[in-house]
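Have a look at the structure below before the remarks.
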Amino acid sequence: MSSTDSGFPRRTLLAGGLSAAGAWWLGSGCRRTPSITGSFAGPDMSRGHQLLDGAPPTAGPERDVPVAILGGGIAGLSAAWRLARAGFHDFELHELESRIGGTSVSGSNAISAYPWGAHYLPVPVREQRAVCELLEELGLLQGFDARGRALIPETALVRAPQSRLFYMGSWSEGLYCIDGASREDLVQWERFEQRMREFAERRDEQGRPWFALPLARCSPDARALELDRISFAQWLAGEGFDSPRLLWMAEYACRDDYGCSHRETSAWAGIFYFASREASSGASDSEFLTWPEGNAFLAEALARHAQGRIRTGALIRRIEPRDGIVRVESSAGALRCEQAICALPRFVLQRVLDGLEAERGRFRYSPWVTANLSLSGTPASRGASLAWDNVLHESESLGYVVATHQSDRTDPRSVWTWYRPLVQSDVAATRQALLRSRWEDWRDEVMRDLSRAHPDLDRHVQQIDVWRWAHAMVRPEPGFRTDPVRQVAAQPRGRLYFAHTDLSGLSLFEEAQWQGVRAAESVLSARGIPFESWSGI
């Protein structure tokens, strides 16, 4: 592999007026496909950028709102859900965008619903109380097996084939390609899996696991936290792992969940990816719940408990916890709150809440691009048949998932969701280049990337829509989990409580939900409302 940040050969197409440093992710020799229609979807960038340019004045007189929830991603929606499930409904939820869900938003067309971001949920264990409560509410929890793993209806689980890998010109089942592997490759892969099983079983003297979701269940054992001080790449090298196939898998895992290369992911987070799945499933091949619209299915279920109390298009201009209240200035009105739950990402919060100077530069975010391809039929494939998750080995992308995979329909049309993390180190320059890029650049890049595995792809693709995630997820770089600044960031300010996956470094549904539930239960406690804890506080 080269020395580029992604671990793949650098490309330097100068497209859309971008500099060489800012456009390396776009491939050379792109297939030109002007007949394919599409556009940029995604958030209204101008709304959020009003904080940079000078936000408009707050509209209307100040109103008394007992509890305000700021941010309508999974954490904010989970806070609203928990309050409502405890019988408290006197709250408002303010969300900047025109729709709720954060990175779990979805779209739809005449073919199918499809995800724009998060698209699956691993089968939980009993200890993930909030997740299990939600699944039970949705009729998707049928009890637990002897190991405490949730029993889920087959109709909600990913159907076979679950995944396949395009490698050396052909598709093979699974994400680790056995075909052509050397004896040393297989020995190292078996040893790696054994090490992950050992980590999954590791407990401290109080019986707390080293790796678990939510992270509040994880042991603070110093030996575990030592893994946060080095990168995953350094840990692999120290363990003698140098098999190219294994290193590819490590790189894929870090790009998949964190938007980082394995050189910039902490060893704790890199091991967590594998060990937490092993701990939940008892096998390296975990089972997942999924829906055509991805995790928007879960976001919408949470949002039903806040109907009539959600205000979209609401820009938060200022948050002031003082004198036993929390004052919030929003474009939807000024609020005087007895308590508030802030479920905003830290890069936004740093602009609207005083006293966060120590956080500058401590929360770094990976940009992503997601594209949805509308197809008239299924392109040709060599090797294993079309799966739900389809990964290309020699690609900067993560491949694509198939929105119609769970369907019994005979309609040959489908929607594929293509994912591309932009993992280079200079995230600020990458973000600016991304925002200057053209839709045509991404249309051609998607076609270039996937046409290697599907030579007749252009005969089937009718439309490609693209979503640019400028701040898709926080990066769990070495030192982040043990950073005192991060730990302080989670502490309430008077009657202002915080809830976001930025506080943990893992942008996962289970963690976002726990953050929201924990903050809501803090509010319930402060208000003297009885409840049975789902967060363990």
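Here the numbering used here = 1-based position in the sequence shown + 2.
Where is the CB? At the ideal position from N, CA and C, for every residue including glycine.
Keep in mind the model is a prediction, meaning the values are calculated, not measured.
query: Secondary structure at T380, three-state DSSP: helix, strand or coil?
result: coil
message: Quick check: what's the CA-CA separation for E192 versus W390?
response: If I take the Cα positions, the gap works out to 25 Å.
message: Measuring only the C-alpha atoms, how far is R450 from W444?
response: 10 Å
query: Who pairs with H502 in a beta bridge, going by DSSP?
result: In the DSSP output, where bridge partners are listed per residue, H502 has none listed.
message: So, under 8 Å CB-CB, Y116 and V463 are touching, yes? Tell me the CB distance rounded to an integer number of Å.
response: Taking 8 Å as the upper bound for CB-CB distance, Y116 and V463 are not in contact here, some 14 Å apart.
- prompt: For the candidate residues D66, D46, P486, F42, whose alpha-carbon lies nearest to that of R329?
  reply: Out of D66, D46, P486, F42, the CA that lies nearest to the CA of R329 is found in D66.
message: Just to confirm before moving on: does the CB-CB distance between Y499 and A303 stay below 9 Å?
response: Against a cut-off of 9 Å, the Cβ pair of A303 and Y499 comes out as no contact.
task: Note down the Cα distance separating H407 from R422, rounded to an integer number of angstroms.
output: 20 Å
field: Simplified DSSP state of F2, which is helix, strand or coil
entry: Any question about residue 2 goes unanswered here, given that the chain covers just 3 to 539.
- request: Let me know if Q196 comes out buried or exposed under the rule of 16 or more other beta-carbons within 10 Å of its beta-carbon.
  value: exposed
- request: State the Cα-Cα distance for the pair R313 and L400, rounded to the nearest angstrom.
  value: 34 Å
- request: Put R483 into one of helix, strand or coil per three-state DSSP.
  value: Look at R483 here: in three-state DSSP terms it is coil, with no helix or strand label.
field: Identity of the residue in G44, V448, V160 nearest E99 by Cα
entry: Of G44, V448, V160, the smallest CA-CA separation from E99 is found for G44.
Span of the alpha helix (DSSP H) around W250: Its alpha helix (DSSP H) spans residues 246-260.
query: Based on the DSSP secondary-structure assignment, which residues constitute the bridge partners of P117?
result: S108
message: For S439, tell me which candidate among W471, P414, R461, L452 has the shortest Cα-Cα distance.
response: W471
- request: On the DSSP bridge assignment, give the partners of R495 in chain order.
  value: L498
message: Just to confirm the assignment, what range does the alpha helix (DSSP H) spanning W83 have?
response: Note, W83: alpha helix (DSSP H), 76-87.
- request: Measure the C-alpha to C-alpha separation of G507 and R477 and round it to an integer number of angstroms.
  value: 6 Å
field: Cα-Cα separation, F213 to C220
entry: 6 Å
query: So, helix, strand or coil for I321, using DSSP?
result: strand
query: How about P216 and A202: do their beta carbons lie closer than 9 Å?
result: no
message: If you measure between the beta carbons of L300 and S106, is that distance less than 9 Å?
response: yes
message: Just to confirm, is the Cβ distance from G150 to E129 under 9 Å?
response: yes
- prompt: Applying the criterion that 16 or more other CB atoms from any shown protein chain within 10 Å of the CB defines a buried residue, is I71 buried or exposed?
  reply: buried
query: Which residues bound the alpha helix (DSSP H) around Q517?
result: From DSSP, the alpha helix (DSSP H) with Q517 extends over 511-528.
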